[in-house]
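Asker: Chains A and B, in that order, are what the protein sequence lines are.
For the record, in the first sequence the residue sitting at position 269 is 269 according to my numbering, with numbers rising by one throughout.
For the record, in the second sequence the residue sitting at position 80 is 1080 according to my numbering, with numbers rising by one throughout.
Even glycine gets a Cβ: it sits at the ideal position worked out from N, Cα and C.
Dumping the structure here so I can ask a few things about it.
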Amino acid sequence: MSEVPSTLFTAAPHWRWLIVFYFFLGGIAGGAYLIAALIDLFGRPWDRPLARLGYLVALPLTVICGILLVVDLNRPLRFWHMLLASETLTPIFKLWSPMSVGAWALLAFGFFTLLSFLAALAANDGWLRYPALTRLRPPGILGTIVVVLGGLLGFFIAGYTGVLLAVTNRPIWSDTSLIGLVFLISSASTGAAVLMLLARRRAVANAEGLHALERFDAWMLLFELVAIVALVVSLGSLARLWLNTWGVLLVLGVVGLGIVAPLLLYRRGRASGLASAAAAVLVLVGGFLLRVVIVLSSESI
Amino acid sequence: MAEPMGFFTDTTVCIGCKACEVACKEWNQLPAANGGVNTLSGDSYDNTRRLDGLHWRHVKFVEQFTPDRSEGRWLLMSDVCKHCVQAGCLEVCPTGAIIRTEFDTVVIQSSACNGCRDCIGACPFGVIDINPVSGTAQKCTLCYDRLQAGMEPACSKACPTDSIQFGTIADLRQRAEARVSHLRGQGENRAHLYGADDRMLGGLNSFFLLIDRPEVYGLPPDPKMPSRNLVPSSLWTTLGGILIGLAGLVSFRNRGDRP
Chain A
1 MSEVPSTLFT AAPHWRWLIV FYFFLGGIAG GAYLIAALID LFGRPWDRPL ARLGYLVALP
61 LTVICGILLV VDLNRPLRFW HMLLASETLT PIFKLWSPMS VGAWALLAFG FFTLLSFLAA
121 LAANDGWLRY PALTRLRPPG ILGTIVVVLG GLLGFFIAGY TGVLLAVTNR PIWSDTSLIG
181 LVFLISSAST GAAVLMLLAR RRAVANAEGL HALERFDAWM LLFELVAIVA LVVSLGSLAR
241 LWLNTWGVLL VLGVVGLGIV APLLLYRRGR ASGLASAAAA VLVLVGGFLL RVVIVLSSES
301 I
Chain B
1001 MAEPMGFFTD TTVCIGCKAC EVACKEWNQL PAANGGVNTL SGDSYDNTRR LDGLHWRHVK
1061 FVEQFTPDRS EGRWLLMSDV CKHCVQAGCL EVCPTGAIIR TEFDTVVIQS SACNGCRDCI
1121 GACPFGVIDI NPVSGTAQKC TLCYDRLQAG MEPACSKACP TDSIQFGTIA DLRQRAEARV
1181 SHLRGQGENR AHLYGADDRM LGGLNSFFLL IDRPEVYGLP PDPKMPSRNL VPSSLWTTLG
1241 GILIGLAGLV SFRNRGDRP
């Protein structure tokens, strides 16, 4: 009945740079952990050092994410109101509110990343000389339970942020159902990129493991490209508004620098370490710009 | 539970005096914005500009003039929280700070709010914002404290033309219907109610009589609940998760190709 999208009559929630960084770093933490879990559960034994890197990265990033979120609140000392009703101290959990579920999920993910972090530190001749801690990693029932639950939470942390944006009434965010999908894919891709860079720097992985990461990341970049195109299409009449103001950054930055360029480098870079390292850096740049475009474009309307 | 209470705002008799804005600020002890320094919007007599944490009533000045300004009219509308029966803000609030009262109104408890601002983006009308003094999200409470004491809200009490009427929803709807038929009888055929029945978000407990399209007044033509996106968005994301898991299996799986 009407041409004017109703989402244009709403107010911006002032989610800016702290949230952009949270989405970016939380995505890497979730992505790195879920890749590590996949390697530990189904992968080759000699790729386990790669998985170990994932666990070592996930905990510090998750802690930083928690700090970013608390600082972003207008009343930071009340951060625990997300979890407990402030008057009755009873737990508060709203399945239909992504922020409520997300707060609990981040807490739980923090717990599992801590367990896996300890297991990673105790691995082989690690810093922690408590061999019992290595049972927090597969093989073994306890370790399998830890990484399965932690991995599922990693998926959740990597993707729920896009669902959170959709469950508002803001332009762009709530005019499509695909931001969660795009964020999740990008998280897997940026998580893989961080593992590649670290593995190369610390020379922990064999060439085979690195190629597996590259192959995985190439798949992610292809998925992401398709998902971003679908996202633009799904915006309908708002797509033009979005592209007019943020299209350059989206097309050149996110797609050009962050997807197409690394894909080309992966194709050429089988032999050259420098090319694939450059590809990983570009993937991270693209993943960051993706959050910038999606968060700040709606904020500025 | 007491009977549902609300506002009926008849925009056709609003004269733009802003007594409602002042009464609201007085009663709710809302300080002046910008430290009391006057800032002019420069393109309108409307210097309040929008509803936010310090302005819970806002008289909109819609100026409709021909380019040579020989003809024109003012549309004036005192905007306020709609106290939706299905309230998006209440739905998303992760702290439980936003509650539905015994008067079927929607109130943010400032003592529980931690300023996450999810409700600001969830409101279909852009009503809520942070009050910089309290650091919490705030909006019209439909004078919950006055209602509990058997008084009417400050803004409707102050309104000199009865553009803002307070009462039970049932009574207000009757009055509003009568007013629409009266206006139509006099030839104002564009008169219609916005949010008076339960088709819009289950009903707006603060509804309006308009004589132009809603978007002319800055009101969304088709406001919706934020949760409409929850299931489709979650499903697409889950599908992505499955794809990623499969890609991971293919990429990292143990083919047993090396000892």
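Closer than 8 Å is the cut-off here; do at least three beta carbon pairs connect the region 3–13 of chain A with the region 1115–1135 of chain B?
Answerer: In short, these stretches touch, since the Cβ pair count reaches three.
Asker: Return the CA-CA distance between residue 1038/B and residue 184/A, expressed in angstroms with no decimal places.
Answerer: Near 47 Å, if we compare the C-alpha coordinates of residue 184/A and residue 1038/B.
Asker: Residue 1239/B: which of 67/A, 181/A and 117/A sits nearest, CA to CA?
Answerer: Here the closest residue by C-alpha is 181/A.
Asker: Which residues in the same chain as residue 1046/B place their Cβ atom closer than 6 Å to its Cβ, once the five residues preceding and following it in sequence are excluded?
Answerer: Answer for residue 1046/B: 1061, listed in chain order.
Asker: Can you name, in chain order, every residue of its own chain whose Cβ lies under 8 Å from the Cβ of residue 177/A, other than the five neighbours on each side?
Answerer: If we look at residue 177/A and ignore the five residues flanking it on each side, its Cβ neighbours are 166 and 234.
Asker: Mind listing the chain B neighbours of residue 92/A? Cutoff is C-beta to C-beta under 8 Å, in chain order.
Answerer: By Cβ distance, chain B contributes 1094, 1095 and 1096.
Asker: Does the beta carbon of residue 53/A come closer than 7 Å to any beta carbon on chain B?
Answerer: Cβ-Cβ to chain B under 7 Å: no for residue 53/A.
Asker: Assuming contact is defined by CB atoms lying nearer than 7 Å, are residue 1206/B and residue 1082/B in contact in what I supplied?
Answerer: For residue 1206/B and residue 1082/B, yes; Cβs fall inside 7 Å.
Asker: Only counting the same chain, and skipping five residues up and downstream in sequence, which positions put a Cβ closer than 6 Å to that of residue 1140/B?
Answerer: So the list reads 1056, 1080 and 1081, once near-sequence residues are dropped.
Asker: Which term fits residue 147/A, buried or exposed, when burial requires 16 or more other beta carbons within 10 angstroms of its beta carbon?
Answerer: Flag for residue 147/A reads buried.
Asker: Under a Cβ-count criterion, where at least 16 other Cβ atoms within 10 Å of its own Cβ denotes burial, should residue 1273/B be classed as buried or exposed?
Answerer: Past the boundaries of the shown model lies residue 1273/B; chain B is included only from 1001 to 1259, so the question cannot be answered.
Asker: Starting from the beta carbon of residue 948/B, find every residue of chain A whose beta carbon is closer than 9 Å, and list them in chain order.
Answerer: What the structure shows of chain B is the stretch from 1001 to 1259, and residue 948/B is not part of that stretch, so it cannot be assessed.
Asker: Does any C-beta atom of chain A lie closer than 7 Å to the C-beta of residue 1175/B?
Answerer: Chain A contact via Cβ: absent.
Asker: Quick check: the region 79–99 of chain A against the region 227–243 of chain A, are at least 3 beta-carbon pairs closer than 8 Å?
Answerer: Result no; under three Cβ-Cβ pairs closer than 8 Å.
Asker: Can you find a C-beta in chain A that's less than 7 Å from the C-beta of residue 1049/B?
Answerer: Chain A contact via Cβ: absent.
Asker: What does residue 1195/B reach in chain A if we use C-beta pairs closer than 7 Å?
Answerer: The premise fails here: residue 1195/B is roughly 13 Å from chain A at the closest Cβ pair, so nothing lies under 7 Å.
Asker: The beta strand (DSSP E) that contains residue 1244/B, what's its start and end?
Answerer: Segment 1230–1252 is the alpha helix (DSSP H) holding residue 1244/B; no beta strand (DSSP E) there.
Asker: In angstroms, rounded to a whole number, what distance separates the CA positions of residue 1125/B and residue 1222/B?
Answerer: Roughly 10 Å between the two C-alpha positions.
Asker: Residue 1063/B bridges to which residues according to DSSP?
Answerer: Bridge partners of residue 1063/B: 1074/B.
Asker: Check whether chain A comes within 7 Å of residue 1234/B, counting only Cβ atoms and requiring the distance to be less than that.
Answerer: Yes, because at least one Cβ of chain A sits closer than 7 Å to the Cβ of residue 1234/B.
Asker: Would a check of beta-carbon distances place residue 230/A closer than 7 Å to chain B?
Answerer: No, no contact with chain B.
Asker: Suppose the cutoff is 7 Å on Cβ atoms and the five residues either side in sequence are ignored; what does the same chain contact list for residue 195/A look like?
Answerer: Closer than 7 Å at Cβ, skipping near neighbours: 32, 35, 50, 53, 54 and 213.
Asker: Please state whether DSSP places residue 1283/B in a helix, a strand or coil.
Answerer: This structure does not reach residue 1283/B, given that chain B is present from 1001 up to 1259, and the question cannot be answered.
Asker: Can you give me the Cβ contacts of residue 263/A inside the same chain, cut-off strictly under 7 Å, excluding the 5 residues immediately before and after it?
Answerer: For residue 263/A, where only same-chain residues beyond five positions count, the Cβ hits under 7 Å are 218 and 221.
Asker: Assign residue 1208/B to buried or exposed, taking buried as 16 or more other Cβ atoms, counted over all protein chains shown, within 10 Å of its Cβ.
Answerer: The residue is buried, with at least 16 neighbouring Cβ atoms inside 10 Å.
Asker: Mapping DSSP to helix, strand and coil, what is residue 1193/B?
Answerer: Strand at residue 1193/B.
Asker: Would the beta-carbon of residue 1217/B fall within 7 Å of that of residue 1077/B?
Answerer: Contact: yes.
Asker: Three or more C-beta pairs under 8 Å: does that hold for the region 74–88 of chain A against the region 35–44 of chain A?
Answerer: Result no; under three Cβ-Cβ pairs closer than 8 Å.
Asker: If residue 1198/B sits next to residue 1085/B, beta carbons under 8 Å apart, how far is it from one beta carbon to the other, in whole angstroms?
Answerer: That pair is a contact at about 7 Å.
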